[in-house]
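**Student:** Below is a structure I'd like to ask you about.
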Amino acid sequence: MRRVTRTQGTTLPLQNVVPQSVGTGPQGQKSLHILFCIEKENLGTRLHQSCVENINTDRETFELLRKEYQARRKTMSWLTLRSIKKLSLSRFLIDSSNLADVHWHLDICRVGCVCLPPLPLVLEKKYACRPAPEVPQKHEPAIGPNRLKHCFLNPECLNLNQRSIYNQLPKRVG
10 MRRVTRTQGT
20 TLPLQNVVPQ
30 SVGTGPQGQK
40 SLHILFCIEK
50 ENLGTRLHQS
60 CVENINTDRE
70 TFELLRKEYQ
80 ARRKTMSWLT
90 LRSIKKLSLS
100 RFLIDSSNLA
110 DVHWHLDICR
120 VGCVCLPPLP
130 LVLEKKYACR
140 PAPEVPQKHE
150 PAIGPNRLKH
160 CFLNPECLNL
170 NQRSIYNQLP
180 KRVG
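Heads up: the sequence shown begins at 10 in our numbering, then just goes up one per residue.
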């Protein structure tokens, strides 16, 4: 759920990151991917992508993220009761090995939140999210870390048809 930084002062990648699932959706539309980072002790923080082509609600989104996280964490971390430290929208830089350098919201968003893609990237259809940044945000960050963490740990608390978080999460097109 974190963002990638690349060049030209933008907050999101401008090059093609090799997606784990490539293809087009119905009627030739490009598929959507959520980008997220998972920190592993000795291996650093790595970028992961998950296709959200069949995801439509907040609950489905968090169930997918939990499944992805559980598939990538070590068995040892479960045995040692390691848990999620932080879950938030943020920027990050990646290298060709998909190692990520995360820039946390509180560290980079001094004047205005830049954790969502800028409007030009949404209009160019490189990212899909709404209503932000098309309308001024009432809160910064748009979705707070406590709410994200709670929904991640307890997706069953979300209404089956709720889409408010899913709509605002930036999804990479392609």
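Beta carbons: idealized from backbone N, C-alpha and C, even for Gly. These figures come from a predicted structure and were not determined experimentally.
With residue 138 as the anchor, note down where its alpha helix (DSSP H) starts and where it stops.
**Tutor:** From DSSP, residue 138 is part of no alpha helix (DSSP H); its letter is neither H nor E.
**Student:** In terms of alpha-carbon separation, which member of 49, 165, 62, 44 lies closest to residue 94?
**Tutor:** Among 49, 165, 62, 44, the Cα nearest to that of residue 94 belongs to 49.
**Student:** According to DSSP, simplified to helix, strand and coil, what is residue 46?
**Tutor:** DSSP places residue 46 in strand when its eight states are reduced to three.
**Student:** Can residue 109 and residue 54 be called in contact, C-beta distance under 8 Å?
**Tutor:** Closer than 8 Å, so yes.
**Student:** By Cβ distance below 7 Å, which residues in the same chain neighbour residue 161 in space, the five residues on each side in sequence not counted?
**Tutor:** So the qualifying residues of the chain are 71, 74, 75, 93, 96.
**Student:** Distance check for residue 43 and residue 111, CA to CA, integer angstroms please.
**Tutor:** Near 16 Å, if we compare the C-alpha coordinates of residue 43 and residue 111.
**Student:** DSSP three-state label for residue 158, please.
**Tutor:** Three-state result, residue 158: helix.
**Student:** Can you tell me the Cβ-Cβ gap for residue 81 and residue 47, rounded? I've got them flagged as a contact below 8 Å.
**Tutor:** That pair is a contact at about 5 Å.
**Student:** Since residue 98 and residue 125 should fall inside the 8 Å C-beta cutoff, what is the C-beta to C-beta distance between them, to a whole number of angstroms?
**Tutor:** Yes, they are in contact, since the Cβ atoms of residue 98 and residue 125 sit about 7 Å apart, within 8 Å.
**Student:** Which residue or residues does DSSP assign as beta-bridge partners of residue 100?
**Tutor:** Answer by DSSP bridge pairing, in chain order: 112.
**Student:** Relative to the alpha-carbon of residue 151, which residue among 116, 179, 164 has its alpha-carbon at the smallest distance?
**Tutor:** Among 116, 179, 164, the Cα nearest to that of residue 151 belongs to 179.
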